[in-house]
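Let me begin by presenting the structure, written as C-alpha cells, before commenting on it.
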Amino acid sequence: MTGVIAVILLVVAVASIISLRTSVTRLVDSQLTGSMASFSHLIDKYLGDPGTDPSTGAMRGRKPLTDYAGQAPGTVILLLDNGTVVDSAVFSDSESVPLNAEAVTQVQNHDWADGERQDLTLAGVGDMRMESIAHKGNSSLIVGISLAAANDAVVHETRVLSVLALLALATTVISTVLVVRHALKPLARVVATAKKVTELPLSVGEVSLDVRVEESDTDPRTELGQVGEALNHLLHHVDEALSVRIAADKSVKQFVTDASHELRTPLASIQGYAELTRQDSDRLPDMTEYSLQRIESEARRMGALVEDLLLLTRLDEGQSLQTSDVDLAELVVNAVNDVRVAAPLHKWVIDVPESAVMVNGDNERLYQLVANLLSNARVHTPPDTTVTVALRVTDDSPDHGSVELTVTDNGPGVAPDILPQLFERFVRGDRGRSRKTDSTGLGLAIAASIVEAHHGTVTVQSRPGLTTFCVCLPRSE
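Residues 1091 to 1567 in the numbering used here are what the sequence shown spells out, letter by letter.
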C-alpha cells in the first residue's frame, strides 16, 4: 500500500514539474518573440541609415548593438553576416556589453536553422533559449532569452514538491502503521492466548484448559473476530478431549490399582501353597515337582509385575517421597556389587569419585533407579559385555550444580525404532537384543518416573556396540 502511494506521489510530482517546465518555456518563447520583433525592427531602421550597404550587409558607422534599447535584462542579441558574428550584446540590469569571445565562437560554430528555437548554454552567460532568423542579404539575427529564472522556478518547484511528497509519504506511512497496529491489537491478544496455551503442560497429569480469547475479540462480524471465535471453539473442543482422556486415564489407573491390590493376595497364596507342597518333593513325581517350580517362578514374576504397577501408580499420583541426603556414590557401589552376584559373567566397571556425592532424595527409590538401569543392561546384553557405571558432578546449574549418572554397555544396542519409546510402559528392547523372560517391560518406565519425581532428567543414546543411559539429578546443597 505504501509503495503504491509513493508511486502516485512520484507521478504527480513529475507531472507537475513537466507542466511547470512547459509553462515557463511558453513564457520564455513569448519573451523571445517580443525581443526578436524589437531587434528586427531596430536593425531594419538602422540598416536604412546613410553609411550602410544593404546589399552586402556591411554596416559602416551603424549604431553598436550594445546601444540598442528595449531589451530585457538577460537578453542576448547577435548580428551575423555570412555566419560570422559582426556585432553582439548582452543586456543586464545596469549595462549592456558585447558577448565574450568564447560564446561568440559557440554561436558561430552552432548549426542554426531559420526560425528554429533551441536551448544553448553559452560560456560565461548561462542557459539560453535562442532563435535565429534570416535577414536581408546574407545576414541573420539571433536573439537569446536567459533561462536562469525559468530554471530557478523549476528547481524551486521540484524542491517544494519533493518536500511535500516526502511529508505526505511519511504521514501516510505513520498513519498506516498506527491504523494497522490498532486494527491488529485483537489479533495480538489472540496470539497471546495461543502462546499461553502452548506453555501449558498438556501431555501428562490432570490439566484444565480454561484459557480463552476475550469475548470482545470474538465478534463474528469481523475477520479477526472470526479467528478469535474459531480459536475458542478449538480450545473448547481440546478441553473436552482432555477431560475425556483424563477420565479414561483415571479409570485405567484405578483399575490397575484395584486389580494389583486384588492380585497380591491370590498370588501370595499360590506361591505359598506351591512352596508348601514342594516340602514333600521327595515323594512327588518329577513332573509334579517341575510344575510346582514353574508355578512358584511365575507367581514371583507376577508378584513383581503387580508391585511394579503399584509403584508406578503411586509415582503417577505424586505420593511424597521419603527424602533425605543420600550419598549417591556409595549407593552406586552397593548396587553394582549386588548385580555382580546376579550376573557374574558380565564385566562391571565402577567409576565414581572417592568423596561423597550428595543428592536429596528417597534412598530406596534412588537405589531402585540404579538397580533398574543395571538390570536392564544385565538382561538385554549377552555375557562378557562390559558395563561401566560412572558418576560425576557438574557445575552447569546456576544453583548447586547437578550429578550425572551414566550406565554404558558395549552390547548390541537398541533398535532405532524402539529408542523414542524406550521409557514407556511395557516396551521391550528385544530387537537386536537377547529376549529374557524375566523382563516385564516396566523397569525403564519406573526409572524414568523416579527421575521425574526427583526433578531430574534421563536420556538414552544407542548404536551397535555402545548404549548409554544418562541420569541428571539436582545436587544437594
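Where a beta carbon is used, it is the ideal one built from N, C-alpha and C, also for glycine.
Per-residue burial, residue i [other beta carbons within 10 Å of its own, 16 or more giving buried]
i     : result
H1436 : buried
M1377 : exposed
Q1458 : buried
T1557 : buried
H1326 : exposed
R1565 : buried
I1098 : exposed
L1399 : buried
R1271 : exposed
F1345 : exposed
V1280 : buried
I1540 : buried
G1555 : exposed
T1211 : exposed
G1151 : Low per-residue confidence applies at G1151: pLDDT is 48, beneath 50, and the placement is therefore not dependable enough to give any value.
A1273 : exposed
N1199 : exposed
L1173 : According to the sequence shown, residue 1173 is Gly rather than Leu. By the 10 Å Cβ count, G1173 comes out exposed.
V1431 : exposed
6 Å CB neighbourhood of residue i in its chain, flanking five on each side removed
i     : result
G1315 : T1308, D1309
Y1158 : L1132
G1164 : S1236
A1105 : none
A1255 : L1099, A1103
P1488 : Summary for P1488: the model assigns pLDDT 49, below 50, so the residue's position carries little reliability, and this model does not support an answer.
A1389 : L1357, I1360, Q1361
F1516 : G1531
L1568 : Outside the displayed span of the chain (1091 to 1567) sits residue 1568, for which this structure offers no information.
Three-state secondary structure assigned by DSSP to residue i
i     : result
S1125 : helix
S1516 : For the sequence presented, residue 1516 should be read as Phe rather than Ser. Correct three-state label for F1516: coil.
Q1551 : strand
S1341 : helix
A1480 : strand
N1450 : strand
L1556 : strand
T1266 : helix
D1415 : strand
K1526 : Because the pLDDT of K1526 is 49, which lies under 50, any placement of that residue in the model is unreliable, and the number read from its coordinates should be weighed accordingly. Note: K1526 maps to coil in three-state DSSP.
L1366 : helix
P1375 : coil
L1563 : strand
P1488 : Confidence is the limiting factor: at P1488 the pLDDT is only 49, short of 50, which leaves the residue's position unreliable, though a coordinate-based value still follows. Residue state, collapsed to three classes: coil.
G1393 : helix
T1475 : coil
E1247 : helix
S1445 : coil
I1508 : coil
G1036 : Residue coverage of the chain in this structure runs from 1091 to 1567, which leaves residue 1036 outside it and unanswerable.
P1502 : coil
Proximity test, Cβ basis, 8 Å: residue i and chain B
i     : result
S1341 : This model lacks chain B altogether; it includes just one protein chain.
Contacts around residue i, its chain only, beta-carbon distance under 8 Å, and the 5 residues preceding and following it disregarded
i     : result
M1126 : E1221, I1223, L1231, V1233
T1475 : H1436, K1437, A1467, D1499, N1500, G1501
S1306 : P1276
F1129 : Y1158, Q1161, I1167, L1231, V1233
L1374 : T1367, R1368, L1382
A1243 : L1110, V1114
First through last residue of the beta strand (DSSP E) which encompasses residue i
i     : result
K1437 : 1437-1441
S1465 : Run containing S1465: none in the beta strand (DSSP E); it sits in the alpha helix (DSSP H), 1453-1469.
D1499 : 1492-1499
Beta-carbon proximity list for residue i, same chain, < 7 Å, skipping 5 on both sides
i     : result
T1248 : I1107
V1423 : I1440, V1442
A1282 : none
V1426 : W1438, I1440, L1464, V1479
V1215 : V1166, V1180, A1193
V1197 : L1168, V1175, I1232
The alpha helix (DSSP H) enclosing residue i, as first and last residue numbers
i     : result
V1579 : It is not possible to answer for residue 1579, since the shown part of the chain is limited to 1091 through 1567.
S1539 : 1533-1543
Suppose only complete runs of 4+ residues qualify. What are the alpha helix (DSSP H) ranges in the stretch 1149-1237, listed by chain order? For the stretch 1149-1237, whole alpha helix (DSSP H) runs of length 4 or above, ordered along the chain, are 1191-1199.
Enumerated in chain order, which unbroken segments of the beta strand (DSSP E) with a length of 3 residues or greater are wholly contained in the stretch 1265-1333? none
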